[in-house]
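To convert, note that position 211 of the sequence shown is 211 in the numbering used here; the numbers rise steadily by one, no gaps.
For every residue, glycine included, the Cβ atom is placed at its ideal position computed from N, Cα and C.
Keep in mind the model is a prediction, meaning the values are calculated, not measured.
Written out below as structure tokens is the structure these notes cover.
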Amino acid sequence: MSIPKIIIQSWKTKDIDKEFRSIRGHKVNLSHWTKELRDNNPDFEYKFFDDGEVVEFIKTNYPEYLDLFNELGHGMNWDFFRYLAIYKYGGFYFDIDMEINCSLSSLTEGHTAIFPKEWEDSGLSILKEQNLLFLVGQYAFAATPKHPFIKQIIDNIIDPVFEADTWRDFEAQCGRGTKNFFRTAAVLVSQSYITYLKSANPEITILEPTPQFDSQQFGNYGAHWAIGSWK
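Okay, here's the thing in structure tokens:
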């Protein structure tokens, strides 16, 4: 089964042409990245959800998760949304600050799930003790509809895999926002990856960093600018 030619993104409002961020001393309009993504992939269906549409998506397709979605709050609910959207539709999810400068068509065949290697060395003993050295990113990923790995991630959010004391210890060291990584973001996805590799047919492609993009990237397909819009 091929990964559908669908691109999914979300933002607070649809007025992203009014949103600017400072990147390396330069003001960048967020719509620049979304336009570049679409221009390089004209044969892909583009689905954009603002905050209200995200809530409607949950109410319509996954009403059983609405309470959890609301309880998560502070960016974690939007993480939850991205997994649910890809689980339903399949396709590619990209954070709004992903710069994709080429066609994604070559990734739609021969893969069922694609995730980036965010960091070669996660620096996290909780993952290294399970023989996973790198960190799996979730700012950009793709999968076929109803892929079991995406379901694994969703299940691990519904039934948390980390005790609160675990992320609290890291939050004390690293500051606000650490909970997100353990509850719904990269650390949670990495732990889900460890679990999923034990299954019978773990079909996941990990895109390696390249000399051009050495970390927090999507292979050689694009760059993640990590503006931290969820904070």
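#1: Assuming Ala-235 and Gly-137 make a contact with CB atoms under 8 Å, what is their CB distance in whole Å?
#2: Return yes when the C-beta of Ser-122 is under 7 Å from any heavy atom of the ligand GDP, and no when it is not.
#3: Tell me the residue span of the beta strand (DSSP E) that contains Thr-205.
#4: For the alpha helix (DSSP H) containing Gln-191, name the first residue and the last one.
#5: With distances taken between CB atoms, is the gap from Tyr-83 to Ile-194 smaller than 8 Å?
#6: Determine the closest residue to Gly-91 out of Ala-200, Phe-44, Phe-181, with distance taken between C-alpha atoms.
#7: Just the Cα atoms here: how many angstroms apart are Asp-51 and Asp-15?
#8: Check whether the stretch 58 to 70 touches the stretch 119 to 136, counting contact only when three or more Cβ pairs, one atom from each stretch, lie closer than 8 Å.
#9: Mapping DSSP to helix, strand and coil, what is Met-1?
#10: Please identify the residue among Asn-180, His-147, Pro-148, Glu-99 whose C-alpha is closest to the C-alpha of Ala-223.
#11: Compute the distance between the beta-carbons of Asn-220 and Leu-188, then report whether it is under 8 Å.
#12: Report yes or no: do the stretch 31 to 38 and the stretch 99 to 112 share at least 3 C-beta pairs separated by less than 8 Å?
Per the coordinate set shown:
#1: In this structure the chain extends from 1 to 231, so residue 235 is not present and cannot be described.
#2: The ligand content of the structure shown is nil, which means the ligand GDP is not present either.
#3: Locating residue 205 in the sequence shown gives position 205, where the first residue counts as 1. Segment 205 to 207, the beta strand (DSSP E) holding Thr-205.
#4: For this step, residue 191 is matched to residue 191 along the sequence shown. DSSP places Gln-191 inside the alpha helix (DSSP H), whose first and last residues are 186 to 196.
#5: Indexing the sequence shown from 1 puts residue 83 at position 83. Indexing the sequence shown from 1 puts residue 194 at position 194. Cβ distance not < 8 Å, so Tyr-83 and Ile-194 don't count as in contact.
#6: Position 91 of the sequence shown, counted from the first residue, corresponds to residue 91. For Gly-91, the closest alpha carbon among the candidates Ala-200, Phe-44, Phe-181 is that of Phe-44.
#7: Here residue 51 refers to the residue found at position 51 when the sequence shown is read from its first residue. Here residue 15 refers to the residue found at position 15 when the sequence shown is read from its first residue. Taking the straight line joining both Cα atoms gives about 12 Å.
#8: Look at the beta carbons and you see the stretch 58 to 70 not touching the stretch 119 to 136: under three pairs across the two are nearer than 8 Å.
#9: Against the sequence shown, residue 1 aligns to sequence position 1. DSSP, read as helix, strand or coil, puts Met-1 in coil.
#10: Residue numbering aside, residue 223 sits at position 223 when the sequence shown is read from its first letter. Answer by Cα proximity: Glu-99.
#11: Locating residue 220 in the sequence shown gives position 220, where the first residue counts as 1. Locating residue 188 in the sequence shown gives position 188, where the first residue counts as 1. Cβ distance not < 8 Å, so Asn-220 and Leu-188 don't count as in contact.
#12: Yes, the stretch 31 to 38 is in contact with the stretch 99 to 112.
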